[in-house]
Amino acid sequence: MASGAKEIVLLDHGSGGRATHQLLREVFFKAFGRPPELLDAALLGELPGPLAFTTDSFVVSPLFFPGGDIGSLAVHGTANDLAMVGAEPLFFSCGVILEEGFPLADLRRVVHSMAEAAQALGIQIVCGDTKVVPRGKGDGLYLNTAGVGRLLHTPAPHPSRIRPGDRVLVSGPVGEHGLAVLAAREGLPLKGLSSDSAPVWPLVKSLLEVL
Numbered sequence: 207m208a209s210g211a212k213e214i215v216l217l218d219h220g221s222g223g224r225a226t227h228q229l230l231r232e233v234f235f236k237a238f239g240r241p242p243e244l245l246d247a248a249l250l251g252e253l254p255g256p257l258a259f260t261t262d263s264f265v266v267s268p269l270f271f272p273g274g275d276i277g278s279l280a281v282h283g284t285a286n287d288l289a290m291v292g293a294e295p296l297f298f299s300c301g302v303i304l305e306e307g308f309p310l311a312d313l314r315r316v317v318h319s320m321a322e323a324a325q326a327l328g329i330q331i332v333c334g335d336t337k338v339v340p341r342g343k344g345d346g347l348y349l350n351t352a353g354v355g356r357l358l359h360t361p362a363p364h365p366s367r368i369r370p371g372d373r374v375l376v377s378g379p380v381g382e383h384g385l386a387v388l389a390a391r392e393g394l395p396l397k398g399l400s401s402d403s404a405p406v407w408p409l410v411k412s413l414l415e416v417l
């Protein structure tokens with residue numbers, strides 16, 4: 207792997223050969239932990255059902271913004287999708303599309319952020335894939351995360367059961383995340399803006415426990 211100022215993503219890092227395995231060892235396994243076996247699929251064993259499954263892709267720009275980054279956002283977003291059907295997030299996958307020339311320091315920062323966000327929720331990132339597109343064919347870094355969760359309440363929460371008079375709980379100021387990212391991207395002189403990207407599962411779990 208290149209070092210110093212030249213420590214960047216190369217096309218070889220997406221080839222599946224030695225460079226790919228080096229990238230896995232030095233970036234992803236250091237953050238997520240090395241799986242016991244490097245197989246084509248993660249073996250999850252016996253899972254308590256019923257289960258929920260979701261996937262989401264993230265193309266946010268800039269990658270780092272006040273209050274978060276694309277890494278923590280990916281974990282929070284997928285975990286929150288599961289939470290909205292009353293599912294405890296358990297296992298995630300991580301797909302990464304990198305642009306040739308992307309700084310490895312930034313990749314490490316993103317992956318470390320993902321690992322921290324997952325660890326805080328007890329999520330295991332058990333499989334993934336990395337591809338590299340030629341310079342100019344991407345926007346630095348794209349992420350896809352898929353998640354499996356365990357339903358803690360049946361029937362699962364569903365919009366069809368909303369009735370007039372129900373109270374709506376909002377986890378934070380509406381639009382704060384989008385505005386913080388927009389301000390960072392466009393260089394808008396708006397002070398005090400910070401993304402409210404965060405997992406809502408702890409809040410949802412508390413609500414489910416009293417149902």
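Under this note's numbering, the first residue of the sequence shown carries the number 207, and numbering increases by one thereafter.
Here a beta-carbon is modelled for each residue, glycine too, at the ideal position from N, C-alpha and C.
Those residues which DSSP pairs with residue i across a bridge
| i | result |
| --- | --- |
| isoleucine 214 | Pro309 |
| aspartate 262 | Thr351 |
| proline 242 | DSSP, once it has assigned bridges, lists no residue as partnering proline 242. |
| phenylalanine 234 | In DSSP, phenylalanine 234 forms no bridge with anything. |
| alanine 293 | Leu357 |
| valine 374 | None; valine 374 has no bridge partner. |
| serine 299 | Cys333 and Ala352 |
Coil, strand or helix - residue i by DSSP
| i | result |
| --- | --- |
| valine 316 | helix |
| threonine 360 | coil |
| serine 209 | For serine 209, the predicted structure reports a pLDDT of 47, less than 50, and the residue's modelled location is therefore unreliable. A value from the coordinates is still provided. Three-state result, serine 209: coil. |
| leucine 257 | strand |
| glycine 283 | helix |
| isoleucine 276 | helix |
| leucine 304 | strand |
| serine 221 | coil |
| serine 366 | helix |
Span of the alpha helix (DSSP H) around residue i
| i | result |
| --- | --- |
| glycine 334 | Run containing glycine 334: none in the alpha helix (DSSP H); it sits in the beta strand (DSSP E), 330 to 339. |
| proline 408 | 407 to 414 |
| glutamate 392 | 382 to 392 |
| alanine 225 | 224 to 229 |
8 Å contact criterion, which residue i and residue j should meet: CB distance rounded
| i | j | result |
| --- | --- | --- |
| alanine 390 | valine 291 | 31 Å between Cβ atoms; not a contact. |
| glycine 384 | alanine 285 | With a Cβ gap of about 19 Å, glycine 384 and alanine 285 do not count as contacting. |
| glutamate 294 | lysine 411 | 7 Å |
| leucine 310 | glutamate 213 | 5 Å |
*asked:* Check whether the stretch 321 to 332 and the stretch 369 to 388 touch, using three or more Cβ-Cβ pairs below 8 Å as the test.
replied: no
*Within the chosen definition, does the stretch 270 to 280 reach the stretch 364 to 375 through at least 3 CB pairs nearer than 8 Å?*
no
*When the Cβ atoms of the stretch 337 to 347 are set against those of the stretch 304 to 315, are three or more pairs found closer than 8 Å?*
The stretch 337 to 347 and the stretch 304 to 315 touch, with no fewer than 3 CB-CB distances between them shorter than 8 Å.
*asked:* Could you check whether the stretch 331 to 338 touches the stretch 292 to 303, counting it as contact only if at least three pairs of C-beta atoms, one from each stretch, sit closer than 8 Å?
replied: yes
*Looking at C-beta atoms only, is the number of pairs between the stretch 313 to 322 and the stretch 274 to 282 that lie closer than 8 Å three or more?*
yes
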